[in-house]
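Visitor: Quick one: the structure is below, questions incoming.
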């Protein structure tokens, strides 16, 4: 929700000062008719912004402050819905934090009367607390049937026909898991086992029985290994987090700018990463969390420690608090011990909660 506010609602820019961001926040709250004296301190605490002299922090218990913040967020969403219908999408609720879950519960209660279509996705092991409501519909997505898995291999191959034995192995081993189908098909296309023709692919020889890994992790690692020249770059990016900025990656990487940009382009072309914007303002996102995990877990322990130490050092020396990337670009895996003493002001309880969520100032 913090990221949604900063990037979509308020459109904070990295180069903006805290005062400029606070001014944007005030204009946003006025737009939806919220009293500034009561709500600016709430949102300033949530976004870790310093208050101006004309505004005072609210004197209330932390639990009450959290509740008022959630109610203010809900009020804004409901007022937007009175102006136009709202589609509210949130993915991967199996990783949700308790405060976000509390907000979603408040939103569910408004479902029968608000013009909001909420679409939330989660894995089967997550149990939502709002089941049984008449205005909710739960849709269980089964694994892909054989025909759809076969169609998906063709789409990954950009419409060119794959040899029947390749499709047979992919469909059999992936068991209808879409990500698995996608990654295994890409692995085969990149393996050198196939030769591309005008309208199809042909095998260059017999298809070995173990040519297709039996686990997604093996598949991802095999693809990483074939990108040997940029594997280290993918591992460093994975150490920074699921999403990271070009600026931060450049600051911690040992490569020159040309090598770095060429390697990132190769990872984007291979669809390991998504790119938003252009360097040096670009941000990168691993296509799937499992891809990030595979790259990170492939690091030797000693190399992993060196990466964390370098990241912590660069954050301390080169990224003053006012100039640090937005939370969506902060590394989620930076070592807490390296940053726990003085790297960030603790501020309010909401600010501390935000920092803890980022994994940047909690002592384990």
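Residue numbers (our numbering): 188 to 551.
Cβ atoms here follow ideal geometry from the backbone N, Cα and C, with glycine treated the same way.
Being a predicted model, the structure only gives us computed values, none of them experimental.
Determine whether the beta carbon atoms of residue 344 and residue 388 lie at a separation below 8 Å.
Guide: For the purposes of this step, residue 344 is taken as the residue at position 157 of the chain shown. For the purposes of this step, residue 388 is taken as the residue at position 201 of the chain shown. Yes, these two residues count as a Cβ contact at 8 Å.
Visitor: Which runs of the beta strand (DSSP E) at least 3 residues long sit entirely within the segment 227 to 288? Give them in chain order.
Guide: 273 to 277
Visitor: How many Å lie between residue 484 and residue 232 at the Cα?
Guide: Translated into the one-based positions of the chain shown, residue 484 becomes position 297. Translated into the one-based positions of the chain shown, residue 232 becomes position 45. Taking the straight line from one Cα to the other gives about 35 Å.
Visitor: What's the gap between the Cα of residue 270 and the Cα of residue 431?
Guide: By one-based count along the chain shown, residue 270 stands at place 83. By one-based count along the chain shown, residue 431 stands at place 244. Approximately 35 Å, taken between the alpha carbons.
Visitor: How long is the line joining the alpha carbons of residue 262 and residue 324, rounded to whole angstroms?
Guide: Within the chain shown, residue 262 is the residue found at index 75, counting from 1. Within the chain shown, residue 324 is the residue found at index 137, counting from 1. Each residue's alpha carbon lies about 24 Å from the other.
Visitor: What's the call for residue 374, buried or exposed, on a 16-neighbour Cβ count within 10 Å?
Guide: Position 187 of the chain shown, counted from the start, is the residue given in the question as residue 374. So residue 374 counts as buried.
Visitor: Smallest Cα separation from residue 467: which of 444, 486, 461, 194?
Guide: What you label residue 467 is simply residue 280 of the chain shown in a count that begins at 1. Answer by Cα proximity: 444.
Visitor: So residue 341 and residue 349 are in contact, right, with Cβ under 8 Å, and what is the actual spacing, rounded?
Guide: On the chain shown, residue 341 is found 154 positions in, with the first residue counted as 1. On the chain shown, residue 349 is found 162 positions in, with the first residue counted as 1. Contact between residue 341 and residue 349 holds, with the beta-carbon distance rounding to 7 Å and staying under 8 Å.
Visitor: Is the beta carbon of residue 463 less than 8 Å from the beta carbon of residue 457?
Guide: Residue 463 sits at position 276 when you count from the first residue of the chain shown. Residue 457 sits at position 270 when you count from the first residue of the chain shown. No, the pair does not count as a contact, with Cβ atoms beyond the cut-off.
Visitor: Between residue 227 and residue 428, what straight-line distance do the alpha-carbon atoms span, to the nearest angstrom?
Guide: Here residue 227 is taken as the residue at index 40 of the chain shown, counted from 1. Here residue 428 is taken as the residue at index 241 of the chain shown, counted from 1. Those two C-alpha atoms are separated by around 31 Å.
Visitor: Could you round the C-beta distance between residue 565 and residue 212 to whole angstroms and report it? I think they count as a contact, below 8 Å.
Guide: Here the chain covers residues 188 to 551 and nothing more, so residue 565 does not appear.
Visitor: Please name the residue, chosen from 291, 403, 214, that lies closest to residue 317 on a Cα-to-Cα basis.
Guide: Here residue 317 refers to the residue found at position 130 of the chain shown. Per the Cα distances, 291.
Visitor: With DSSP as the reference, label residue 431 as helix, strand or coil.
Guide: Position 244 of the chain shown holds residue 431. In this structure, residue 431 counts as strand in the three-state DSSP scheme.
Visitor: What is the DSSP secondary structure of residue 334, counted as helix, strand or coil?
Guide: Residue mapping note: residue 334 aligns to position 147 of the chain shown, counting from 1. Helix at residue 334.
Visitor: Going by DSSP, which residues form a beta bridge with residue 307?
Guide: Position 120 of the chain shown, counting from 1, holds the residue named residue 307. Partner(s): 277.
Visitor: The beta strand (DSSP E) with residue 470 in it runs from where to where?
Guide: Here residue 470 refers to the residue found at position 283 when the chain shown is read from its first residue. Run containing residue 470: 470 to 473, per the beta strand (DSSP E) assignment.
Visitor: Check whether chain D comes within 8 Å of residue 488, counting only Cβ atoms and requiring the distance to be less than that.
Guide: The structure shown has no chain D; it contains just one protein chain.
Visitor: Can you list, in chain order, the residues of its chain whose CB lies under 6 Å from that of residue 202, leaving out five sequence neighbours each side?
Guide: On the chain shown, residue 202 is found 15 positions in, with the first residue counted as 1. Within the same chain, residue 202 has no close Cβ partners at all.
Visitor: The beta strand (DSSP E) with residue 493 in it runs from where to where?
Guide: Stepping through the chain shown from its first residue, residue 493 is reached at position 306. It is not in any beta strand (DSSP E) - residue 493 instead sits in the alpha helix (DSSP H) that spans 488 to 505.
Visitor: Give me the Cα-Cα distance between residue 548 and residue 209, rounded to the nearest whole angstrom.
Guide: Along the chain shown, one-based indexing puts residue 548 at 361. Along the chain shown, one-based indexing puts residue 209 at 22. Low local confidence applies: a pLDDT of 36 at residue 548 is under 50, so the model's placement there is unreliable, and no value is given.
Visitor: From what residue to what residue does the beta strand (DSSP E) around residue 463 run?
Guide: For this step, residue 463 is matched to residue 276 along the chain shown. Element bounds for residue 463: 460 to 463.
Visitor: Give, in chain order, every unbroken run of the beta strand (DSSP E) that is at least 3 residues long and sits entirely within the segment 360 to 446.
Guide: 381 to 383, 388 to 390, 430 to 432
Visitor: Assess, as a yes-or-no matter, whether the segment 439 to 453 is touched by the segment 415 to 426 under the definition of 3 or more beta carbon pairs within less than 8 Å.
Guide: yes
Visitor: Quick test of the definition: if touching needs 3 or more C-beta pairs under 8 Å, does the segment 491 to 500 touch the segment 468 to 482?
Guide: Flag = no, the segment 491 to 500 and the segment 468 to 482 do not touch.
Visitor: Which one of 280, 320, 297 has the shortest CA to CA distance from residue 310?
Guide: Locating residue 310 in the chain shown gives position 123, counting from the first residue. If we check each option's Cα against that of residue 310, 280 comes out closest.
Visitor: Under 8 Å between the Cβ atoms of residue 273 and residue 320?
Guide: Residue numbering aside, residue 273 sits at position 86 when the chain shown is read from its first letter. Residue numbering aside, residue 320 sits at position 133 when the chain shown is read from its first letter. Going by C-beta atoms, residue 273 is not nearer than 8 Å to residue 320.
Visitor: Are the beta-carbon atoms of residue 477 and residue 381 separated by less than 8 Å?
Guide: On the chain shown, residue 477 is found 290 positions in, with the first residue counted as 1. On the chain shown, residue 381 is found 194 positions in, with the first residue counted as 1. Contact flag unset, no.
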